[in-house]
Each structure stands twice: as structure tokens, then as C-alpha cells.
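First comes the structure, then the notes that go with it.
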Amino acid sequence: MSDLGRALLPELFSTQHSSSEAEFSVLLQVARVFGLKGSIMKLKQGSFLWYLYLDKLYCLLSVRNVKALVEYFHLLDVHRKNTLNDVLFYHFLHHVTDLTRNQITVVFHMLDWNAAGEIGFDQFYMLVCILLAQENHLEEQFLFRHSRPVFELLDLDGELKIGPDNLYMYNFLFNIKKEQLRDLYYNFDITGDRLLNYKEFKLFTIFSMDKYQESQKAEKEKKNEKALLQKKVAQVNESQRESLLGTKQFESISNYNC
Numbered sequence: 035m036s037d038l039g040r041a042l043l044p045e046l047f048s049t050q051h052s053s054s055e056a057e058f059s060v061l062l063q064v065a066r067v068f069g070l071k072g073s074i075m076k077l078k079q080g081s082f083l084w085y086l087y088l089d090k091l092y093c094l095l096s097v098r099n100v101k102a103l104v105e106y107f108h109l110l111d112v113h114r115k116n117t118l119n120d121v122l123f124y125h126f127l128h129h130v131t132d133l134t135r136n137q138i139t140v141v142f143h144m145l146d147w148n149a150a151g152e153i154g155f156d157q158f159y160m161l162v163c164i165l166l167a168q169e170n171h172l173e174e175q176f177l178f179r180h181s182r183p184v185f186e187l188l189d190l191d192g193e194l195k196i197g198p199d200n201l202y203m204y205n206f207l208f209n210i211k212k213e214q215l216r217d218l219y220y221n222f223d224i225t226g227d228r229l230l231n232y233k234e235f236k237l238f239t240i241f242s243m244d245k246y247q248e249s250q251k252a253e254k255e256k257k258n259e260k261a262l263l264q265k266k267v268a269q270v271n272e273s274q275r276e277s278l279l280g281t282k283q284f285e286s287i288s289n290y291n292c
């Protein structure tokens, strides 16, 4: 855990909240009914996005990839308005992902925050980075690096606060585990209003990133230990093989002398 994370622990957990498990269960059930909660989104192999590379540290595309994405956006923009309407947007996401129609509609309304009926390249670029982050299992990294724009996307009403229903509705994009969603409002809702302001949401991304890095470190250490063990076993086997060969050679020489 980072020094910032440790420093914030006493302040965060000194505030106790009483929240009902039933409330979160209802939200999950509602999400499932509308097809918004299910398996993790997958990019379709061979689609355009499949060949784009997302930087693992900053979760952004390279200049070369951005240029290619701009050209792709212009190809999709058949009306030459530098925007995509809901129909074009649906066909794009249906072609490159396995998202359902309901999920695609929800994503479009999230990006079309001013209800213009269309989205521009900035929103399109943001979405592509979200999709690539999930495909490459970089959700925690993406939320940490881009907490402000993600918060603004989830703040549908423009009230500078987001509720649990917002995160449940769009969780198929960010793949936040059920336990994390529950803990998010139990432990990071410092004001106790069952809503998260940006600072509270940012704290959540910091702690999530800390936990992710710790798990990555533990996994790396486990792999190193396994590799070291395999190396030692190979050395022992080689030593035994050489010893056996030496014994056989000695027996052959002894038999020859006899």
C-alpha cells in the first residue's frame, strides 16, 4: 500500500456506516433484469480495436494509434458531421464487442451527456480506452489514471456526486467486483450521504490501485518461487543423472578389467 493510502486509513475507517446488504442485492437483480450485469465484456477477435495497443502505465493510445483511430472514426461517420449518432454507434460496438443492445444503449446515453443524440471523437476515444483497458485487465490502472473523466461520465445528473446505482449500471465497463462495490460505499462514503463526491471516488481508486499492485507483486513473487523451485529440481535431476552415468561408466571399466 502506498504512503498516501496508509495515511488515509485512520480517517476513512473511523467513520462507520450502516448499509443494508439487501439494497445492493436489489441493485444487482435490477441490473441483471435489464441485461446490464453479466459476463465481462470481450472484444471480438480480428476487429479494428483488437490491433490497437494501450499503454499499460498511463492507459492511453500512442500517437500512431490515435491517428489510426481518427481515420477509423471518419470512416464510421458516414454523414460527415464529425459525430456518431445512436445507430452508427450501435453498429460500431456490436461489430467490435459482445455487448448487448441494452448495454450499448446505456453506454451511448452515458457518453451523450448533453442529450444531443450523437457523440464526438473525444467521447469515442474515451470509450475505446475503456474497452481496451478492460480487455487487457487494466481496469484499476485506468480508474486511477483517469478518475476525473470517469467520475464525470458516471455523474449523469451533473450533481458532482455518484450513487451506487450509477456504478452498478455501468459496471460491465469497469469490472469492479461486487465486494469492491459494496466496500466502496461502506468505507469511502466519508460524508455518509450514500453518495460519492470526487474526492471520495478518488480515494477508492487509490486504494484499488494499491491492492492491485500488491496482488501483482504477490503473483510475481509466487512465479519467481515456482521458477526457482523448478530450476532446483532440474539441477537435482541433472546431478542424479550425471551420478548414475558415472556409476555405469565405473561398472563398465571394472567389468573390462576383469
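In the numbering used here, the protein residues as written are 35 to 292. Beta carbons: idealized from backbone N, C-alpha and C, even for Gly.
query: Since LEU103 and VAL112 are thought to touch, with beta carbons under 8 Å apart, how far apart are those beta carbons, to the nearest angstrom?; result: 17 Å between Cβ atoms; not a contact.
query: Roughly how many angstroms lie between the CA atoms of ARG275 and VAL130, to the nearest whole one?; result: 54 Å
query: Compare the C-alpha of LYS90 against each of GLU255, SER277 and GLN247 and name the closest.; result: GLN247
query: Could you give the residue range of the alpha helix (DSSP H) that holds MET75?; result: Neither: MET75 is in no alpha helix (DSSP H) and is coded neither H nor E.
query: Could you check how far apart the C-beta atoms of ILE74 and GLN168 are, in whole angstroms? I think they sit under 8 Å.; result: 7 Å
query: Is PHE185 near PHE235, with beta carbons less than 7 Å apart?; result: yes
query: ILE164 lies in the alpha helix (DSSP H); which residues open and close that run?; result: 155 to 169
query: Count the other CB atoms, across all protein chains shown, that sit within 10 Å of the CB of SER81; report buried if there are 16 or more and exposed otherwise.; result: exposed
query: Compare the beta carbon distance of LEU110 and MET144 with 7 Å and say whether it is the shorter of the two.; result: no
query: Bridge partners for THR131 per DSSP, in chain order?; result: LEU77
query: Sort LYS76, VAL270, VAL162 and GLN175 by Cα distance to ASP244 and report the nearest one.; result: GLN175
query: For ASN148, is the classification buried or exposed, using 16 other Cβ atoms within 10 angstroms of its Cβ as the cut-off for buried?; result: exposed
query: Return the Cβ separation of LEU229 and ILE196 in integer angstroms, given the expectation that the two are a contact with Cβ distance under 8 Å.; result: 7 Å
query: Could you tell me the alpha carbon to alpha carbon distance between PHE47 and LYS233, rounded to whole angstroms?; result: Only weak support exists for where PHE47 lies, its pLDDT of 35 falling under 50; the value from the coordinates is given anyway. So the two alpha carbons sit approximately 16 Å from each other.
query: Could you compute how far the alpha carbon of LEU278 sits from the alpha carbon of GLU259?; result: 28 Å
query: Name, in chain order, the residues that DSSP records as bridge partners for LEU88.; result: LEU95
query: Quick check on this structure: which residue in GLN79, ASN200 and GLU152 has the alpha carbon closest to the alpha carbon of ASN231?; result: ASN200
query: Nearest-angstrom Cα distance between GLN157 and PHE142?; result: 10 Å
query: Can you tell me the Cα-Cα spacing of GLU193 and GLN264, whole angstroms?; result: 56 Å
query: Would you decide whether HIS180 is buried or exposed? Buried here means 16 or more other CB atoms lie within 10 Å of its CB.; result: buried
query: Distance check for PRO198 and GLY154, CA to CA, integer angstroms please.; result: 28 Å
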